[in-house]
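Chains as they are written, first to last, in this note's numbering: chain U, 303 to 471; chain H, 303 to 471; chain G, 303 to 471.
We treat Cβ as the ideally placed atom computed from N, Cα and C, and that holds for glycine.
On a predicted model such as this, the values are computed, not experimentally measured, just so you know.
Structure (structure tokens):
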């Protein structure tokens, strides 16, 4: 930041970089609320999906993912996509997410699916974490089309260090 | 940052912005330890309470909050205020928070209640998240007086993008 | 940031500061993946271990830690060191961490133990949180040698406010 020529004359475009580590519905929604708000203010926003956070961008259909039995097992237990995430609290055997979704929809708050579409339309960058994918046996084809690239931690840091707002969610 | 005239001559006042998303006692205390430390160093500190984090600033008394049965039910299960939060680990049916409180008080570490008062006295800004309040059916009157304003994600971003330290807790 | 003389001519060395609050294996690994990536890019990296995050740098051997029965009890229940941390999800009575470790080792991803050694060799600073140590009855001797210093929240803020990337994990 403030790398403009001649002092800080030309204010550089502000940016937000979010690491979405959590696979919880409420945390994913919080990440997308912040991401879409920032993008609507013309800021550059990038989300780096890692570990359980990859669930938010997994495709809904398809075979059990993973290349060996251990990965397949992990991907069964860790089954998820944008419509299936649990809450970090009060999950109540799946009743919590349903209640939250109903309450959000009554108040016209978009669903995670809608947030993903809006964020993508606003130019938010979606990046999947290479190392997590390798460990879990996931491939680029397992993710929704909005996820443009697979990057590693070094690329994430290159983006994050020039961002004004960095969050780990 | 570094938006001063003539280069970076006049160092702007440094600031900290915290999103308190979690309703866990230990995380709320961590947020307030950081907030009061920064405020005592004359930094500008703002805390944005969202989702379960709203529990930390709920008033202790009053009727069951919420405007319909689903919100009321969520607010019963999600019952909380500064003296009632659970731990993120080792909650042990409520014994964990009691032990932590006793150990903190033995070592003269302030309680969350005291941290809130200190933070407010030091000028820390308390903001409740509008969207979470709408979803949970909470109104400004449901929060302690220290919570001055209700703001949305866009206002949060406006504050966060000029902060030196941004944390999501 | 951008405190160089004559505008922003001399770009200051970029830096990363991480608060590791969580005692979960997956979150600790995420912290160390980011830390070692940044350090390998010649950035200055500091990790501030607080609350359950202290488990990641506890020594493996020794007596039960703590100075009174409450602290001893907390340290028994909260038993942990780099090889014993649980997962934030899918712990499955300890099977989750074993699976993750096997999968990581198959893919040649280093273990937490190895990450700690690599980070230390790359010059990553390890700091233990004074207040958490006091509350839990832990002393500097209870931590691995890589942990150079014990600091408080004010010192953390002094480091964090000049960092380009701040994360709370």
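Taking a C-beta cut-off of 9 Å against chain H, the contacting residues of the stretch 340–351 of chain U are 340, 342, 343, 345, listed in chain order.
In terms of Cβ geometry, residue 402 of chain G and residue 326 of chain G do not form a close pair [threshold 7 Å].
DSSP places residue 317 of chain H in the strand class (E or B) of the three-state scheme.
Around the beta carbon of residue 451 of chain H, fewer than 16 other beta carbons lie within 10 angstroms, which makes this residue exposed. Straight-line spacing of the CA atoms in residue 457 of chain G and residue 430 of chain G works out to 11 Å. Counted as a single uninterrupted DSSP element, the stretch harbouring residue 328 of chain U is not any beta strand (DSSP E) but the alpha helix (DSSP H) occupying residues 327–342. Residue 412 of chain H has its alpha-carbon roughly 26 Å from the corresponding atom of residue 442 of chain H. Taking C-beta atoms as the reference points, residue 384 of chain H and residue 421 of chain H fail to come closer than 7 Å.
At a cut-off of 7 Å, the C-beta of residue 337 of chain U has no neighbouring C-beta in chain G.
Classified as exposed, residue 447 of chain H has fewer than 16 neighbouring CB atoms from the shown chains inside 10 Å of its CB.
For residue 316 of chain U, the residues of chain H that pass the 7 Å Cβ criterion are 463, in the order they occur in the chain. Out of G/461, G/470, G/471, the CA that lies nearest to the CA of residue 316 of chain G is found in G/461. For residue 471 of chain G, the closest Cβ of chain U is nearer than 7 Å.
Of the residues G/356, G/471, G/468, G/418, the one whose Cα lies closest to the Cα of residue 439 of chain G is G/356.
For the stretch 439–459 of chain U, the set of residues with a beta-carbon nearer than 8 Å to any beta-carbon of chain H is empty. The beta carbon of residue 445 of chain U is closer than 7 Å to those of 359, 360, 361, 430 in its chain, skipping five residues each way along the sequence. Around residue 436 of chain G, the beta-carbon contacts reaching into chain H at under 7 Å are 409. Here DSSP, grouped into helix, strand and coil, assigns residue 439 of chain H to coil. Annotated three-state conformation of residue 424 of chain U is coil, per DSSP. A distance below 8 Å between beta-carbons, with the five flanking residues on each side excluded, links residue 414 of chain H to the following residues of its chain, in chain order: 327, 330, 331, 334, 358, 384, 385, 387. For the stretch 321–336 of chain G, the set of residues with a beta-carbon nearer than 8 Å to any beta-carbon of chain U comprises 328, 329, 332, 335, 336, in chain order. If you check the CB distance, residue 409 of chain H and residue 436 of chain G come in under 7 Å. Residue 456 of chain G sits in a helix when the DSSP states are folded into three classes. Inclusion of residue 350 of chain H and residue 318 of chain H in the CB contact set at 7 Å is not warranted, their separation being larger than that value. Boundaries cannot be given for residue 353 of chain G, as no beta strand (DSSP E) includes it and DSSP labels it neither H nor E. One finds 328, 332 in chain G with Cβ atoms closer than 8 Å to the Cβ of residue 353 of chain U, taken in chain order. Taking 7 Å as the threshold, the shortest C-beta distance from residue 467 of chain H to chain G falls below it. Listed in chain order, the non-local C-beta contacts of residue 432 of chain H below 7 Å within the same chain comprise 452, 453, 454, local neighbours out to five positions each way being set aside. A buried status is given to residue 352 of chain U, since no fewer than 16 other beta-carbon atoms sit within 10 Å of its beta-carbon. When only Cα atoms are considered, residue 341 of chain U and residue 416 of chain U end up about 15 Å apart.
Around the CB of residue 400 of chain H, fewer than 16 other CB atoms lie within 10 Å, so the residue is classed as exposed. For residue 389 of chain U, there is no enclosing beta strand (DSSP E), as DSSP gives it neither H nor E. If you look at residue 467 of chain G, you'll find it in the beta strand (DSSP E) that goes 467–470.
Excluding the 5 residues flanking it on each side, residue 347 of chain G has same chain C-beta neighbours closer than 6 Å at 318, 337, 340, 341, 426, in chain order.
Residue 433 of chain U reaches chain G at 335, 411, counting residues in chain order whose Cβ is nearer than 7 Å.
Residue 449 of chain U sits buried, since 16 or more C-beta atoms from the chains shown fall within 10 Å of its C-beta.
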